[in-house]
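A.B. asks: Here it is: the structure, laid out below.
Residue numbers (the UniProt record's numbering): 1 to 216.
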C-alpha cells in the first residue's frame with residue numbers, strides 16, 4: 001500500500017519496496033522516522049517497515065567540443081585540451097552519464113562520438129585527434145546543440161545537458177550560445193597579454209569560465 005508523506009515523498013510498504021527493487025529505474029531506501037512512527041511503543045515488526053521511493057537522478061549528457069585548429073597547436077594547447085577532454089569523459093563514465101564528442105578543425109565540424117553512454121575506450125579516439133587549419137566553431141556548436149536536443153527527446157523526462165567548449169577563442173566572429181542548460185568555456189588562450197575572446201564569450205553566454213592551465 002502506498003502512503004503519501006508531506007516531507008519525504010512517496011512511502012512504500014515492504015511489499016511495494018520489493019516490487020520497486022525489481023524495477024531498475026527506481027531506488028528505494030528505508031525511512032526510519034516513518035517506520036518508528038508506525039511502530040509506536042511496541043516492538044518492531046516487519047509490517048512496520050516503511051520504504052521511500054527515491055526518484056532516479058535525471059539523465060545527464062556532457063557534450064565536449066574540442067577546438068583543434070592551427071592556433072591550438074601552439075605551446076601544447078591542444079595536447080593539454082585533449083587531456084582535459086579525456087578527464088571529462090572518464091569522469092562521466094564513472095558517474096554513468098552520457099557523452100558526445102565533437103571536433104572543430106581544418107577538416108570541418110566532425111562528430112567523433114554521438115550521444116551515448118560514456119565508455120573509457122573513447123579515450124583512444126581523443127588521443128588520436130590531430131589539429132591544424134581553421135576553426136569552424138560555430139558549425140560545431142550548432143551541431144552540438146542539435147545532437148543535445150535529439151538526445152533530450154529520446155531520454156524524456158528531466159534531463160541535463162552540459163556543454164564543455166575547449167578553445168583558445170581565435171575565431172573572427174563570436175559564436176552564439178548553444179541552447180544547453182549549462183555551458184563551460186575551458187579557455188586555452190595563454191598568450192601574454194591574452195586575446196580574451198573566450199572569456200568574453202563566457203560572460204556574454206552567462207557561462208562558467210575556467211583557464212585551461214588552471215584545470216586540475
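Where a beta carbon is used, it is the ideal one built from N, C-alpha and C, also for glycine. Treat the numbers as computed from the prediction; the structure is a model and nothing was measured.
(1) So, is residue 41 buried or exposed, given that buried needs 16 or more other C-beta atoms within 10 angstroms?
(2) Note down, in chain order, each residue of its chain lying with its Cβ closer than 7 angstroms to the Cβ of residue 209, except the 5 sequence neighbours on either side.
(3) Take every Cβ of the stretch 145-153, pair it with every Cβ of the stretch 72-87, and state whether three or more of those distances are shorter than 8 angstroms.
(4) For residue 178, I'd like the list of residues in its chain whose CB is within less than 7 angstroms of its CB, leaving aside the five on either flank, ordered along the chain.
(5) For residue 183, which residues in the same chain have their Cβ closer than 6 angstroms to its Cβ, ignoring the five residues on either side in sequence?
(6) Helix, strand or coil for residue 10 per DSSP?
(7) Please report how far the alpha carbon of residue 78 lies from the alpha carbon of residue 139, in whole angstroms.
(8) Is it right to say residue 161 is buried, meaning 16 or more other beta carbons lie within 10 angstroms of its own, or is it exposed?
(9) Which residues in the same chain as residue 24 place their Cβ atom closer than 6 angstroms to its Cβ, once the five residues preceding and following it in sequence are excluded?
(10) For residue 167, which option in 43, 34, 136 and 46 has the closest C-alpha, if you only look at C-alpha atoms?
(11) Kindly indicate the opening and closing residues of the beta strand (DSSP E) around residue 171.
(12) Return the chain-ordered list of same chain residues with a C-beta closer than 8 angstroms to the C-beta of residue 100, the five sequence neighbours on each side being excluded.
(13) For the putative contact between residue 133 and residue 69, defined by C-beta atoms under 8 angstroms, what is the C-beta separation to the nearest angstrom?
(14) Residue 66 to residue 196, Cα distance in whole Å?
C.D. replies: On the basis of the data shown:
(1) exposed
(2) 185, 187, 199 and 202
(3) no
(4) 141, 144, 145 and 163
(5) 163, 205 and 207
(6) Note on residue 10: pLDDT 39, under 50, position unreliable in the model; no value is reported.
(7) 19 angstroms
(8) buried
(9) Confidence is the limiting factor: at residue 24 the pLDDT is only 42, short of 50, which leaves the residue's position unreliable, though a coordinate-based value still follows. Hits under 6 angstroms: none found.
(10) 136
(11) No beta strand (DSSP E) holds residue 171; DSSP gives it neither H nor E.
(12) 61, 62, 63, 64, 111, 113, 114, 115, 116, 144, 147, 148 and 151
(13) 6 angstroms
(14) 18 angstroms
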